[in-house]
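Student: Residue numbers (my numbering), protein chains in the order written: chain A, 1 to 750; chain X, 1001 to 1158.
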Amino acid sequence: MTIVKTTFGRRSFIRSTTLAGGGMMLGFSWLASCKPTPEQVLNMPKEWFNINAYLKIGENGLITIMSPNPEIGQNVKTSMPMIVAEELDADWKNVIVEQAPLNTDLFTRQLAGGSQSIRQGWESLRMAGASARQMLKEAAAQQWQVPVEEITTDNGMLSHQGSGNSAGFGEMASAASKIPVPEEVTLKSLKDFKIIRTSRKNVDGPKIVTGQPLYGLDYHREGMLIAMIAHPPAFGMKLKTVDDSVAKSMPGIKDVFTIKTFNDDYKRSAFDNSAFTDLVVVVGNTTWEAMNAKKALKIEWEMAPDIHLDMDLFGRQMSVHFPAGLENTDTHKAQMAELNKKPGKTVRKDGDPIKAFKNASKIIERSYSCPFLAHNCMEPMNFFADVTEDKAELAGPVQTPEFMEKSAAERLGLPLEKVDIQMTRMGGGFGRRLYGHFLTEAAVISQKIKAPVKLVYTREDDMTHGTYRPAYNALYRAALDENNNLVAFHVRTGGIPESPLSANRFPAGAVDHYLAEDWTIDSNITTGAFRAPRSNFIAGAEQSFLDEVAEEAGKDPIEFRLELLARAKSNPVGERNDYEAERYAGVLELVKEKSNWGKEQANLSRGVSAYFCHNSYVAQVLDMVMVNGAPVVEKVYCAIDCGIVVNPDAATNLAEGGVVDGIGHAMYSELTIKDGVPEQNNFDKYKLIRHSEAPKSIEVHFVKNDVDPTGLGEPPFPPIMGAVANALYKATGKRFYDQPFMGSSSKVLG
Amino acid sequence: MINIKVNDKDYSVDVSPDMPILWVLRDVLGLTGTKFGCGLGVCGSCTVLLDGKAIRSCITPVSLVKDQNVISIEGVAGEHSTIQKAWEELNVPQCGFCQPGQVVSALALLKENPDPSDKDIDTAMSGNICRCGTYVRIRKAIHLAASMKNELHNTKGV
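This is the structure we're talking about:
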C-alpha cells in the first residue's frame, strides 16, 4: 500500500462539470467512443456524475473512463483506463471508455511516442482512480454514519461490515461528486490488483472488425469538402508556378490554390518538420474528383535554396541544415563509407583502446548499413479542419496534438484556447504522425476556403513526402586477447542526417577499453523518429557483430553475452552505463530457457539477439529453415522485461507485431533516392512483409517482477534484426551486413 | 445515374462511371468501413466482395458492378459473422485499419476453402498488408473461424 499526495496533475482532480464526457467540444463528438466495451452489461444511465477529469459515474453504476493519450495501435485506449479502473475498484464489465479531448490543463503528456504512455501515465492514472474511490467511500461514510476507514470497496460495490450496509458506486456517485478532492490517497498494493495484469479485450475491437468509423480518414461533417495537395517531386525542389486552368474546370472541383504551411518568420518545433511548405491544393466534393484534378495540374518546379532552420525540440534548440541540390542514395552510401574510414567525434572512451587494439591477439572489424525507410502507416496522412473567424475545430490522427495545437493556433492567428483538436484512432503511427504538418495544412486550407475540409494524402503523397528513418552506417571493431577474452571494443557510426549512437549502452561498461565515436552528414531528405529511433538500426548491427565476435572467440553467443553482463554487474567500467546488467541478463536467461537453447533440432538455424531501449529489456531467439533456397522464419521466442504488464494479451500482441515489423524491415524494405526523387512511391515498388513471410509462430514471455511499467511499443522491434542476421548466417553460411538483407530485388507482391 | 447494389440494398448514385467502388462507398454512400490504403490494388485495405469474390474496390470502376451485389465490411457486420467473432476472440487488431480488408479476404477464402492450411492462408491473404504485423493472429483467427464452421454454414448468405 502506498500513500501519495494528490499533487501530481492536481487540476485533473478538480471536479469539472464540463469535461468528463467530452462536453467541452459541443457538437463535436462524432468519434466519441461512448460505446460499450465487449463485456458491458449495464444500459446507459439517466444521469452522469463527474468525479474528476478522468471519470464519471452514472446513477446505475456504469462508469465512463477517459483515455487521455492518442491511440496508434499500442492499445493505450484499453490499458490506460484499466489502470484507473483498478484503483477505483470498478467492475470492468461496467466500464465504458472515451477518448479524452486534448486538454493540457487536465492531462499530462497527451502524446504517443517514446513508448512512454503507460510509464509516464502510471502515477496519475492510479491517482485518478484512487481519489475517486476515496470520494465514494467518504460519501458512503457520511450517509451510513460510520468511520470512512471501515468502508471497503470491491468490484464496483461499497460495504461496511459492522453495520451491514452496502451500495453500488452508482448509488453514491451523486454524493461523491460533491466531496472535496482528498489531499492524499492510498494506492492499492500490487498483490490486490484484479484488473491490471489480466488480459482485457481492445475496447474498440467490435468497431474495428465491423468497419464502424473510428479513424481520421473516416471523419465526416455535413458540407465537408475533400482537399488534396501536390508537393515537389524531388527533395531539393520547390514550387515555381502552377497552371490550374484545366483542373479548376473539372467536375466536382471547388477551387485550386497554393498555400504556405509555415510562415517564414515562424520558429518551428521539431514536430513541424516538413520539406515541402509551398503546396498546390485542389479542393473538391469527393476524393476521386480531387485526385483526378490533381493529375491535371501543370506545375513548374525549381531548385530550392540552401536552408538553415532553428527548431525547438522539447525546449532544446536545434540548428538544422537542408543543403541545396538533388541527392542520391549511391552518393549517400559512398559518403557514409568514407566517413567511417576516419576518426569521428569521441563520445565515450574508457581505458586505452588504441593500445589495447595494438596489443590484441585477434581483431575483428565489420561494417553495417541500413537505408531510409518510409513509415507507411496503413492509413495515409489526413486531417479534418473547420476554421472560422474565431475558432478552429480539428480532428484526425496525430501523435503530438499538444505541439500541433500551438503550431496551428500560431499559423491561423487564433488564441490557443480557440483551437480544439479531437484525437481519432490512428491507422498506425510508428513515429510518422509525430510530424503533424498535415494538420496545419488542413487548417490553412479550411481557413482559405472558408469551409469544413478533410485533407487526404494519396499513398504516393504519403510515401514521397515522408519524414523517413535516417540511413545509417556503423563500423565495429573488437580486440580479443590470447585467451579469447574481449579486451577492447570500438564503434564508429553515423548517419544521414543523425548518428544512431547510444555510447553508454551495452557493451559499454563490460569492456576495459572502449571507444565510441560518431559523425553526421547533412541532407535535404526529411527524416524523423521511426519506431525505436536509432536503436532500430544500431541494435541489429551491434548484435550481429557480437555474434561474430563470440564465434571468433569460440563461445556460445548467449554465454558470451552473459559473461560480459556479469562483468558489467560485478565490476562495471565507467559510471554512466545506462542499463541494469542484471535485468539485461535476465531476459537472456529467460529466452535461453524457453527456447531450449543448446538443444535445437538439426534442421533449424537459430539466431539470438538482445537489446535495451525505451527503459525495457528484450531478448529473442529466431528459428529459420531454408525452403527452396529461401529463408522461412519458423518460430520466434521473445523474452521481455518491461516491469508490470498491464494487459498481458495486448502486450503480447504488440510484441508479436514488433517482431514481424523488425523481420520485415531487416529483410525487405528500403526507400532509395535518385536525383532527389524517392524511387518507391507505393506498395508495388516498396516491399513490406506479407502474410507468407511472417513467422509461423511467436512465443512471448514476460519477466515477472513488480517494477513500475516501462515501454513496450518500441523495445521488441530493434533486436529482432540482429536475430534475423544471426539465423541467416547459420542457415546460409553467409553473414549479412547491409539491410535489407534480401536486397533491392526482393519480389514485390500485390 | 448509376444503379448499384451494396449489402443487398439498391442505390442510385450520380457519379462518373470511372469512379472506383471504394470512393462510391466512402464518399457517396458514407460507408467508411472499406479503407483506402494504396489506390493501386496492392495492399488489400479496400477489399470487398463482388458476387462473393474478393476484389480490390480502389481499382474497380463502379460501372463494372452492373447488377452484382457488393458486400462491404458493413454488410458482413450485419450478420456479425463467425470470422469477426474469431477476430474479436483472439484480439487480432492493433491499429486495426487494415482489418476490415483482412476480414473480407478471409471471408472469401473460407467460402472457397472451408478448412484452409497455413499455406492456403498465406497464399490467399498475402495481398493484404498489415503494417502492425498481426499476421500470426490473423492466421490463428482464420483457423478458429474454420473450426466454428458449423456456425458459419448457418450464417445466411456468407
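Ideal Cβ placement from N, Cα and C applies to all residues, glycine included.
For the candidate residues X/1112, X/1014 and X/1081, whose alpha-carbon lies nearest to that of residue 1100 of chain X?
Tutor: Within the second sequence, residue 1100 of chain X is the residue found at index 100, counting from 1. Residue 1100 of chain X has its Cα closest to that of X/1081, out of X/1112, X/1014 and X/1081.
Student: Would you tell me roughly how many angstroms separate the C-alpha atoms of residue 1091 of chain X and residue 71 of chain A, rounded to the nearest one?
Tutor: The residue given as residue 1091 of chain X occupies position 91 in the second sequence. The residue given as residue 71 of chain A occupies position 71 in the first sequence. Taking the straight line joining both Cα atoms gives about 16 Å.
Student: What residue from A/701, A/502, A/719 and A/99 has the CA that sits closest to residue 666 of chain A's CA?
Tutor: As a first step, residue 666 of chain A must be located in the first sequence, where it is residue number 666. Checking every option, the nearest Cα to that of residue 666 of chain A belongs to A/719.
Student: Assuming residue 451 of chain A contacts residue 225 of chain A under a Cβ cut-off of 8 Å, what Cβ separation, rounded to an integer in Å, is found between them?
Tutor: In the first sequence, residue 451 of chain A corresponds to position 451, counting from 1. In the first sequence, residue 225 of chain A corresponds to position 225, counting from 1. Yes, they are in contact, since the Cβ atoms of residue 451 of chain A and residue 225 of chain A sit about 5 Å apart, within 8 Å.
Student: Measuring CA to CA, which of X/1051, X/1088, X/1132 and X/1131 is closest to residue 1144 of chain X?
Tutor: For this step, residue 1144 of chain X is matched to residue 144 along the second sequence. The residue with the shortest Cα to Cα distance from residue 1144 of chain X is X/1088.
Student: Counting pairs of beta carbons, one from the region 290–301 of chain A and one from the region 261–275 of chain A, are three or more of them closer than 8 Å?
Tutor: Judged by Cβ distances under 8 Å, the region 290–301 of chain A makes no contact with the region 261–275 of chain A, as fewer than three pairs qualify.
Student: Output, in sequence order along the chain, the residues in the region 1109–1127 of chain X whose CB is closer than 9 Å to any CB in chain A.
Tutor: Cβ contacts with chain A: 1118, 1119, 1121, 1122, 1123, 1124, 1125, 1126 and 1127.
Student: Taking the straight line between their C-alpha atoms, what separation do you get for residue 484 of chain A and residue 711 of chain A?
Tutor: Translated into positions along the first sequence, residue 484 of chain A becomes position 484. Translated into positions along the first sequence, residue 711 of chain A becomes position 711. Cα to Cα, the separation comes out at about 36 Å.
Student: From A/126, A/385, A/593 and A/362, pick the residue whose C-alpha is nearest to that of residue 552 of chain A; which is it?
Tutor: Mapped onto the first sequence, residue 552 of chain A falls at position 552. Answer by Cα proximity: A/362.
Student: Beta-carbon within less than 8 Å of residue 512 of chain A's beta-carbon, same chain only, minus the 5 sequence neighbours each way: which residues are those?
Tutor: For the purposes of this step, residue 512 of chain A is taken as residue 512 along the first sequence, with counting starting at 1. Taken in chain order, the residues that qualify are 350, 351, 356, 487, 488 and 573.
Student: Applying a beta-carbon distance threshold of less than 7 Å, which residues of chain A neighbour residue 1084 of chain X?
Tutor: The residue labelled residue 1084 of chain X in the question sits at position 84 within the second sequence. Ordered by position in chain A, the residues that pass the 7 Å Cβ test against residue 1084 of chain X are 209 and 210.
Student: So, helix, strand or coil for residue 597 of chain A, using DSSP?
Tutor: Counting from one through the first sequence, the residue named residue 597 of chain A turns up at place 597. DSSP places residue 597 of chain A in coil when its eight states are reduced to three.
Student: So, is the C-beta of residue 1052 of chain X closer than 8 Å to a C-beta in chain A?
Tutor: Position 52 of the second sequence holds residue 1052 of chain X. Closer than 8 Å: no.
Student: For a contact defined as C-beta to C-beta under 8 Å, what are the partners of residue 458 of chain A on chain X?
Tutor: Here residue 458 of chain A is taken as the residue at index 458 of the first sequence, counted from 1. Near residue 458 of chain A (Cβ distances below 8 Å), the residues of chain X are 1039.
Student: Can you tell me where the beta strand (DSSP E) with residue 519 of chain A in it begins and where it stops?
Tutor: Within the first sequence, residue 519 of chain A is the residue found at index 519, counting from 1. Here the beta strand (DSSP E) through residue 519 of chain A covers 513–520.
Student: For residue 1102 of chain X, which three-state DSSP category applies?
Tutor: Translated into positions along the second sequence, residue 1102 of chain X becomes position 102. The answer is helix: DSSP assigns residue 1102 of chain X an H, G or I state.
Student: How should residue 161 of chain A be labelled, buried or exposed, when 16 other C-beta atoms within 10 angstroms of its C-beta is the threshold for buried?
Tutor: Walking along the first sequence from the start, residue 161 of chain A turns up at place 161. Answer is exposed; the Cβ neighbour count stays below 16.
Student: Residue 1001 of chain X versus chain A: which residues are under 7 Å apart at the beta carbon?
Tutor: Here residue 1001 of chain X is taken as the residue at index 1 of the second sequence, counted from 1. Ordered by position in chain A, no residue passes the 7 Å Cβ test against residue 1001 of chain X, which lies about 15 Å from the chain.
Student: On the CB-based measure, 16 or more other CB atoms within 10 Å of its CB, does residue 673 of chain A come out buried or exposed?
Tutor: Position 673 of the first sequence, counted from the first residue, corresponds to residue 673 of chain A. It counts as buried.
Student: Have a look at residue 1095 of chain X and residue 80 of chain A and give me their C-alpha separation to the nearest angstrom.
Tutor: As a working note, residue 1095 of chain X is residue 95 in the second sequence. As a working note, residue 80 of chain A is residue 80 in the first sequence. Rounded to the nearest angstrom, the two C-alpha atoms are 16 Å apart.
Student: Please give me, in chain order, every unbroken run of the beta strand (DSSP E) with length at least 3 that falls completely inside the region 292–371 of chain A.
Tutor: The region 292–371 of chain A contains these whole beta strand (DSSP E) runs: 298–303, 307–313, 316–322, 345–350 and 362–370.
Student: Just the C-alpha distance for residue 365 of chain A and residue 200 of chain A, rounded to the nearest angstrom, thanks.
Tutor: Counting from 1 along the first sequence, the entry for residue 365 of chain A is found at position 365. Counting from 1 along the first sequence, the entry for residue 200 of chain A is found at position 200. Spanning the two alpha carbons is a distance of roughly 48 Å.
Student: Is the distance from the Cβ of residue 340 of chain A to the Cβ of residue 473 of chain A below 8 Å?
Tutor: Taking the first residue of the first sequence as position 1, residue 340 of chain A is located at position 340. Taking the first residue of the first sequence as position 1, residue 473 of chain A is located at position 473. Yes.
Student: Quick one: does residue 1135 of chain X have its CB under 8 Å from some CB of chain A?
Tutor: Position 135 of the second sequence, counting from 1, holds the residue named residue 1135 of chain X. It does: the Cβ of residue 1135 of chain X has a partner Cβ on chain A nearer than 8 Å.
Student: My understanding is that residue 312 of chain A touches residue 270 of chain A, with C-beta atoms under 8 Å, so please give their C-beta distance in whole angstroms.
Tutor: For the purposes of this step, residue 312 of chain A is identified with residue 312 of the first sequence, where counting begins at 1. For the purposes of this step, residue 270 of chain A is identified with residue 270 of the first sequence, where counting begins at 1. With 8 Å as the limit, residue 312 of chain A and residue 270 of chain A qualify as a contact, their Cβ atoms being about 7 Å apart.
Student: Assuming contact is defined by CB atoms lying nearer than 8 Å, are residue 1134 of chain X and residue 273 of chain A in contact in what I supplied?
Tutor: As a first step, residue 1134 of chain X is located in the second sequence; it is residue number 134 there, counting from the start. As a first step, residue 273 of chain A is located in the first sequence; it is residue number 273 there, counting from the start. No, the Cβ-Cβ distance between residue 1134 of chain X and residue 273 of chain A is not below 8 Å.
Student: Alpha helix (DSSP H) containing residue 83 of chain A: first to last residue?
Tutor: As a first step, residue 83 of chain A must be located in the first sequence, where it is residue number 83. Its alpha helix (DSSP H) spans residues 76–88.
Student: Leaving aside the five residues before and after residue 49 of chain A along the sequence, list all residues of the same chain whose C-beta is less than 8 Å from its C-beta, in chain order.
Tutor: Position 49 of the first sequence, counted from the first residue, corresponds to residue 49 of chain A. Closer than 8 Å at Cβ, skipping near neighbours: 56, 57, 58, 59, 173, 174, 176 and 177.
Student: Residue 227 of chain A and residue 77 of chain A - do their beta-carbons sit closer together than 8 Å?
Tutor: Taking the first residue of the first sequence as position 1, residue 77 of chain A is located at position 77. Taking the first residue of the first sequence as position 1, residue 227 of chain A is located at position 227. No, the pair does not count as a contact, with Cβ atoms beyond the cut-off.
Student: Alpha carbon to alpha carbon, what distance is there between residue 1031 of chain X and residue 1111 of chain X?
Tutor: Translated into the one-based positions of the second sequence, residue 1111 of chain X becomes position 111. Translated into the one-based positions of the second sequence, residue 1031 of chain X becomes position 31. Going from the Cα of residue 1111 of chain X to the Cα of residue 1031 of chain X covers about 24 Å.
Student: CB-CB under 6 Å to residue 476 of chain A, same chain, minus the five flanking residues each way: which ones, in chain order?
Tutor: The count along the first sequence starts at 1 and reaches residue 476 of chain A at position 476. The residues are 366, 491 and 545.
Student: Which residue from A/331, A/620, A/42 and A/249 puts its Cα closest to that of residue 282 of chain A?
Tutor: Walking along the first sequence from the start, residue 282 of chain A turns up at place 282. Cα-wise, what sits closest to residue 282 of chain A is A/249.
Student: With DSSP run on the structure shown, which of helix, strand or coil describes residue 573 of chain A?
Tutor: As a working note, residue 573 of chain A is residue 573 in the first sequence. If DSSP states are grouped into helix, strand and coil, residue 573 of chain A belongs with coil.
Student: May I ask you to list, following chain order, the residues of the region 665–683 of chain A that have a beta carbon less than 9 Å from some beta carbon of chain X?
Tutor: So the list reads 682 and 683, given in the order they occur along the chain.
Student: Under a three-way DSSP split, which group does residue 399 of chain A fall into?
Tutor: Numbered from its first residue, the first sequence carries residue 399 of chain A at position 399. Looking at residue 399 of chain A - three-state DSSP - the assignment turns out to be coil, as it is neither helix nor strand.
Student: What residues from chain X crowd round residue 72 of chain A, counting only those whose CB sits closer than 8 Å?
Tutor: The sequence position of residue 72 of chain A within the first sequence is 72, counting from 1. The contacting residues are 1095.
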